[in-house]
Amino acid sequence: MSSRRLLLLGFLLLLGLLAGCSRAGRQVAPPPADVVLTMAVEPDPARVGEATLIFILKTSDGRAIPDAKLAIRGDMAHAGMQPVLATAASGPDGVYRVPFRWTMAGDWFVIVQVQLPDGRSFQQRFDLRVVGS
Amino acid sequence: MSLDLLHVPVLGPLLRGRWGRLLGQGPLLALAVLMVYDGLTGPPLAPYNFATVLAWVHYRGLVILALVFCGNLFCWGCPFTLLRTLARWFGRRGRRWPRLLRNKWPAIALLVLFFWLYEWLDLWADPRLTAWVVIAYFVAAGVLEALFAESPFCKYLCPLGSFNFAAATVSPLQITARQATVCRTCVGKECVNGSTTVSGCGTELFVPLLASNRDCLFCLDCARACPYDNVALTTRSPWRELVADAWPRRWDVSFLALVFAFIGLSNAFAMTSPIYSLLAALAVRLPWADEGLLLLFVLAVLDLVLPTVLGLGVAALSRHLAGRDEPLRLSLARFVPAVMPLAVAIWLAHYGFHFATAALAVIPLTQQFLLDHGVTFAGLQPAWQLGPLVPMAWLRPIELAIVLIGLLVSLYVLGERNRRHFGAQGTTVMIPWVVLLVLMAVAAVLIFSSPMEMRGSALGG
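Set out below in structure tokens:
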């Protein structure tokens, strides 16, 4: 086989490997089995403009988890829209209310990075649709 | 007084040099590889991935800015055409592209198909699919370049190329011959035929006859091949070729201009709330509720039926007012170049918006990419707050100003073409075209003033 054909074969193999692989660089911890995080929005359904995100953090047997740290990032599904960033430092009874602003109608995803009081951390994603004001 | 960039010290020799095109192709190839790599292996969310951010924010924004303020730089730097060289390297000498397809109809069909797929598959929200689009481009360009002698992919098929060719008609740079007399006595016509060391024009343009940027890749192979150093890359007024009769009076050329303009409107319309109401209303009235078919129906109407009906309508009316007994093809071709400034303005307002809102997002994206690969020198916390180039409040007035400028230039071109063909007495002949241009501008203003809505998929699908 000529060197040119080997080059082509190598390129195609590399492409196949890339297609089958997923980069291992960004390790995202899923929610622990003993923790439940839920999200609600006000107003509901979500509308363009000022809003409140309400996160409820509990153990799997229903006990509230206060004093966790939540870093929130809202992104549109479209590439290139500026994300909306927010944080919540503590929440009585495991309820964390975060002022937020939906900047445009469309599909959003909210990614919450949670640091539990016991030091564990995890990340969870919520998808939702925001309607026009 | 025009400036010849090919004879500017340093820049000219750099561009004309044997490897001059690699100045553009090299970096763009590297970016294409990065997009494929990140698209296939990186985060699946569009804002976190180079494939989607670079393709749908930066490429689109920079390509239209380059076309308006410089020229067809992205065809010049197109990495897909590197496979042309590779195909030649593999020793293939292809056949001629079929005569039946040597026109712009395949390009029009693929342009409409591309924008339908873009909306239907939500390419802008899908890094993996975007990466496959890049791969598909490389494969399609490579295969066609290997199978056929000329560059059919660029000239007849490539949707990006069709877009660039259309918008380049308002670009301020153009390839010309420095001295016509030199070309008249030239025997080899190396600019189009090529020489022993350099290919001739891939799209088979002959420099001394060039009056338009249509089909010009800006590759500068003509300048490299010319043994007399008689090829220039000169500045010009952006409306020069539109005012002159520089376009062939062909149906396909005229329709490409109209379709380019109307896709500009439909593509912007597709990111506003009203399109979802329209799709939902159609879903209950039409016998099919499939999202892809509904979008195909809507875009076929907006991108094909509407420009056909309106284009032929105003051409027929204009012909009637002129009292001329001539083929409708000629009536259409007479004024259709006047649509281009407004069409380009609509694209500039749309793609410029996305670029202005998110150009700086590439900084935190790069930081995150490096962190993902264990490189920390760019910081441990990506600056995700970076994004807009200008305050968001400025964008809508800027969009509207761009559309207004586009309309005014279109009206100027229309008036000049009317004067050229009918003299000062024939102003009524262009009235149907004035109405069409104003209606298109009003549609653009309404679209850009509508509330934006960008879903990952229409109809909640």
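As they're listed, the protein sequences go chains P and X. Position one of the first sequence corresponds to residue 0 (numbering that gives the first Met the number 0), numbered consecutively onward. Position one of the second sequence corresponds to residue 0 (numbering that gives the first Met the number 0), numbered consecutively onward. C-beta atoms are modelled at their ideal positions from N, C-alpha and C, and glycine is treated no differently.
Hey, residue i and residue j are a contact pair by Cβ (cut 8 Å); roughly how many whole angstroms apart?
i        : j        : result
Trp123/X : Ala45/X  : 7 Å
Asn212/X : Asn71/X  : 6 Å
Gln112/P : Ala70/P  : 4 Å
Gly93/X  : Ala148/X : 5 Å
Ser409/X : Leu341/X : 4 Å
Would you check if the distance between the CB atom of residue i and the CB atom of residue j is smaller than 8 Å?
i        : j        : result
Arg119/P : Ile110/P : no
Trp75/X  : Cys218/X : yes
Leu320/X : Ile430/X : yes
Val335/X : Ala256/X : yes
Ala130/X : Leu82/X  : no
Leu298/X : Trp55/X  : no
Ala355/X : Leu388/X : yes
Gly38/X  : Pro126/X : yes
Cys77/X  : Leu27/X  : yes
Gly351/X : Leu53/X  : no
Arg17/X  : Leu5/X   : no
Take the Cβ of residue i as the centre, count every other Cβ of all protein chains shown within 10 Å, and call the residue buried at 16 or more, exposed below.
i        : result
Glu462/X : Residue 462/X is absent from the model: chain X starts at 0 and stops at 460.
Gly310/X : buried
Leu56/P  : buried
Gly460/X : Annotation note: pLDDT 35 at Gly460/X (below 50); position unreliable, no value reported.
Arg100/P : exposed
Arg62/P  : exposed
Thr37/P  : exposed
Ala457/X : Confidence is the limiting factor: at Ala457/X the pLDDT is only 38, short of 50, which leaves the residue's position unreliable and the question unanswerable from this model.
Met34/X  : buried
Ser448/X : exposed
Gln24/X  : buried
Pro363/X : buried
Pro390/X : exposed
Pro82/P  : buried
Trp393/X : exposed
Ala176/X : buried
Glu41/P  : exposed
Arg98/X  : exposed
Asp220/X : buried
Arg454/X : buried
Trp287/X : exposed
Val9/X   : exposed
Ser59/P  : exposed
Which value, in whole angstroms, describes the spacing of the CA atoms of residue i and residue j?
i        : j        : result
Tyr117/X : Asp106/P : 16 Å
Phe259/X : Met339/X : 9 Å
Arg20/X  : Leu13/X  : 9 Å
Leu22/X  : Ser1/X   : 24 Å
Leu445/X : His372/X : 45 Å
Pro44/P  : Pro306/X : 38 Å
Cys157/X : Met75/P  : 30 Å
Leu172/X : Val428/X : 31 Å
Gly131/P : Arg96/P  : 23 Å
Val402/X : Gly263/X : 12 Å
Pro65/P  : Phe54/P  : 11 Å
Pro116/P : Pro396/X : 48 Å
Val206/X : Val142/X : 27 Å
Ser67/X  : Trp346/X : According to the sequence displayed, residue 67/X carries Val and not Ser. In a straight line, the C-alpha of Val67/X is about 10 Å away from that of Trp346/X.
Phe103/P : Pro273/X : The displayed chain sequence assigns Met, not Phe, to residue 103/P. Each residue's alpha carbon lies about 14 Å from the other.
Ala39/P  : Asp121/X : 27 Å
Ala348/X : Thr271/X : 14 Å
Tyr36/X  : Leu159/X : 21 Å
Leu110/X : Leu435/X : 22 Å
Trp238/X : Leu209/X : 15 Å
Ala224/X : Val197/X : 5 Å
Gln367/X : Gln380/X : 8 Å
Gly425/X : Ile404/X : 25 Å
Cys185/X : Ala166/X : 32 Å
Cys182/X : Ala423/X : 37 Å
Arg101/X : Leu369/X : 46 Å
Phe73/X  : Trp383/X : 28 Å
Asp302/X : Gly90/P  : 53 Å
Thr202/X : Pro151/X : 7 Å
Ala122/P : Ala245/X : It should be pointed out that residue 122/P corresponds to Gln in this sequence rather than to Ala. Approximately 59 Å between the Cα atoms of the pair.
Val132/X : Thr51/X  : 11 Å
Thr195/X : Leu413/X : 45 Å
Cβ of residue i less than 8 Å from any chain C Cβ?
i        : result
Val437/X : In the structure shown, chain C cannot be found, because the protein chains are P and X.
- Is the region 99-115 of chain X touching the region 232-252 of chain X in the sense that three or more CB pairs, one from each, lie closer than 8 Å? yes
Taking three-plus beta-carbon pairs below 8 Å as touching, is the region 350-362 of chain X in contact with the region 327-338 of chain X? no
Segment contact flag, the region 188-196 of chain X with the region 281-298 of chain X, C-beta cutoff 8 Å, min 3 pairs: no
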